[in-house]
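Protein sequence lines correspond, in order, to chains E and U.
Okay, so the first sequence: first residue is 7 according to my numbering, each after it adds one.
Okay, so the second sequence: first residue is 7 according to my numbering, each after it adds one.
See below for the structure under consideration.
There are 2 protein chains.
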Amino acid sequence: MNYLDTIQQYINNLPHEVHQALNGASVIRHYKKGDLLLKQGEVCQRSFHLHSGIARKYYLNDGKEITTEIYFKNDLALSFESYVLQTPGHEYIEALSDLDASIMPFQAFRALRKKFPALMELDVMLSEYYAIWLEQRLFQFYTLDATLRYKAMLEKSPQLVQFIPLTILASYLGISLETLSRIRAKI
Amino acid sequence: MNYLDTIQQYINNLPHEVHQALNGASVIRHYKKGDLLLKQGEVCQRSFHLHSGIARKYYLNDGKEITTEIYFKNDLALSFESYVLQTPGHEYIEALSDLDASIMPFQAFRALRKKFPALMELDVMLSEYYAIWLEQRLFQFYTLDATLRYKAMLEKSPQLVQFIPLTILASYLGISLETLSRIRAKI
DNA sequence: CCCTTTCTTTGACATAAGTCAAATATTTTC
DNA sequence: GAAAATATTTGACTTATGTCAAAGAAAGGG
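Next up, the structure:
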């Protein structure tokens, strides 16, 4: 069982009152394709739990968009550093399709975490999971060339290749659009 | 103030009994240059808090060592995924000089974390800090070429350039030894 | 359903970085 | 302090990937 499943199970087993408190502190909202859930320069004061649809996180560098994470159903979207430090961040979060998400304000979750130690433990696990995910991404940049990174993505996250435009995938893989197109033509 | 200072301050302000409990659960040990504090394939069951000296974390890929982190005085050395999941990891931790470290067993810290909620909160902060650090490293691979990554290192971590052999620095920067040597000759 | 916009492919060429090999330079060890 | 081991530099060449440009394909809006 992977860590994400462990976390999911942990959440499922939380007492009813904790679930109630979480639901009470969050609101569900609908976004349209193209909507920005967070903009560069803003403090990320809310986390988005996707109920449906697709979103991405990206930043601008030299006028080019670099996508750093892509979210599907059940994923938790936020700009990590900005959220944790409550300082202005450099990332956008954009709806890549119409989507529904439950929005949890940072302060509300902080308060709940204080009240329910189980949520503090959950917070540890979520940060750990994110750090492990980042380690693996970094690992790929160290050890794989562009073709192998694309193949790894095909294996591990076929839903990315299925639903996401190449322009976005290329930046996510750290290569140019043209190189990605050529890789696909070759394999 | 950066997050590391915030964490350090948090630690300093922990109640005396917590400090006592932490000290009681850990032991101080001396390592010689070249000693391996952790080997590939082992479960990382202890964290190392460096009191003096230098260490690094690395893994082998295709017979080549790739250094992923370099530790100085006060840094906390561990193989994150292996430590968190308590599964065999792929990283080594090696003393790059003689060093002293206090060793905290995973299970002991778990027990203390349960007893003192303040340590659970500390654990969140440490994972957050590591994730933010990883995000920044990944960011550099996305946005900077080899020369700029080296310059960024010169700015941000001059102690690395001062004390660490180029072979290790090159792998840490994700480039070949020869390329790093040429970059240094040029700037 | 057509027009516009966005996305993808392909070609020609430029550039960053890797590899292999050998020469120096520096450090460590006996 | 000499020999051995390790670290660094340099040269010649190869390769992966980027850039610019243009054409073709697909998707979305009125």
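Cβ atoms here follow ideal geometry from the backbone N, Cα and C, with glycine treated the same way.
Three-state secondary structure assigned by DSSP to residue i
{"i": "E97(E)", "result": "coil"}
{"i": "D106(U)", "result": "strand"}
{"i": "I170(E)", "result": "coil"}
{"i": "A133(U)", "result": "According to the sequence provided, residue 133(U) is Ser. The question's Ala does not apply to it. Reduced to three states, the DSSP call for S133(U) is helix."}
{"i": "F54(U)", "result": "strand"}
{"i": "E161(E)", "result": "helix"}
{"i": "K121(U)", "result": "helix"}
{"i": "E23(E)", "result": "helix"}
{"i": "E71(E)", "result": "strand"}
{"i": "I13(U)", "result": "helix"}
{"i": "I189(E)", "result": "helix"}
{"i": "L91(E)", "result": "helix"}
{"i": "F138(E)", "result": "As written in the sequence, residue 138(E) is Ile, which differs from the Phe given in the question. Three-state result, I138(E): helix."}
{"i": "L42(E)", "result": "strand"}
{"i": "L66(U)", "result": "strand"}
{"i": "L84(E)", "result": "coil"}
Beta-carbon proximity check, residue i vs residue j, cutoff 8 Å
{"i": "K38(U)", "j": "A101(U)", "result": "yes"}
{"i": "S108(U)", "j": "V167(U)", "result": "no"}
{"i": "F112(E)", "j": "A137(U)", "result": "no"}
{"i": "I60(E)", "j": "L105(E)", "result": "yes"}
{"i": "R155(U)", "j": "L183(U)", "result": "no"}
{"i": "L186(U)", "j": "A176(U)", "result": "yes"}
{"i": "L82(E)", "j": "H55(E)", "result": "yes"}
{"i": "L140(U)", "j": "L140(E)", "result": "yes"}
{"i": "D129(U)", "j": "V130(E)", "result": "yes"}
{"i": "P94(U)", "j": "G40(U)", "result": "no"}
Close beta carbons around residue i, own chain, < 7 Å, minus the five adjacent residues each side
{"i": "Y135(U)", "result": "Y9, L10, I13"}
{"i": "L172(E)", "result": "L183, L186, S187"}
{"i": "F169(U)", "result": "I60"}
{"i": "L20(E)", "result": "A124"}
{"i": "I189(U)", "result": "A152, T153, Y156"}
{"i": "Y16(U)", "result": "L128, M131"}
{"i": "D18(U)", "result": "Here residue 18(U) is Asn; the residue named in the question, Asp, does not match the sequence. Correct list: empty, nothing qualifies."}
Cβ distance (whole Å) where residue i is taken to contact residue j below 8 Å
{"i": "Y65(E)", "j": "H96(E)", "result": "5 Å"}
{"i": "A31(E)", "j": "A114(E)", "result": "4 Å"}
{"i": "L42(U)", "j": "Y98(U)", "result": "6 Å"}
{"i": "M7(U)", "j": "E127(E)", "result": "Contact doesn't hold; Cβ gap of about 27 Å is too wide."}
Same chain, Cβ closer than 6 Å to residue i, neighbours up to 5 away in sequence not counted
{"i": "N80(U)", "result": "none"}
{"i": "R62(U)", "result": "T73, I76, E100, L102"}
{"i": "Q92(U)", "result": "V49"}
{"i": "I181(E)", "result": "A152"}
{"i": "L84(U)", "result": "C50, S53"}
{"i": "F122(U)", "result": "V24"}
{"i": "H36(E)", "result": "D106"}
Proximity test, residue i beta-carbon vs the ligand MN heavy atom, cut-off 7 Å
{"i": "E184(U)", "result": "Absence of the ligand MN is noted for the structure shown, with no ligands found whatsoever."}
Contacts around residue i, its chain only, beta-carbon distance under 8 Å, and the 5 residues preceding and following it disregarded
{"i": "K157(E)", "result": "I193"}
{"i": "A191(E)", "result": "none"}
{"i": "Q165(E)", "result": "F78"}
Is the number of C-beta pairs between the stretch 48 to 57 of chain U and the stretch 133 to 146 of chain U that are closer than 8 Å three or more? no
Per the contact definition of three or more C-beta pairs closer than 8 Å, is the stretch 22 to 38 of chain U in contact with the stretch 72 to 80 of chain U? Under the 8 Å Cβ criterion, the stretch 72 to 80 of chain U does not count as touching the stretch 22 to 38 of chain U, having fewer than three qualifying pairs.
Inter-stretch contact at 8 Å, needing at least 3 Cβ pairs: the stretch 55 to 73 of chain U / the stretch 148 to 156 of chain E: yes
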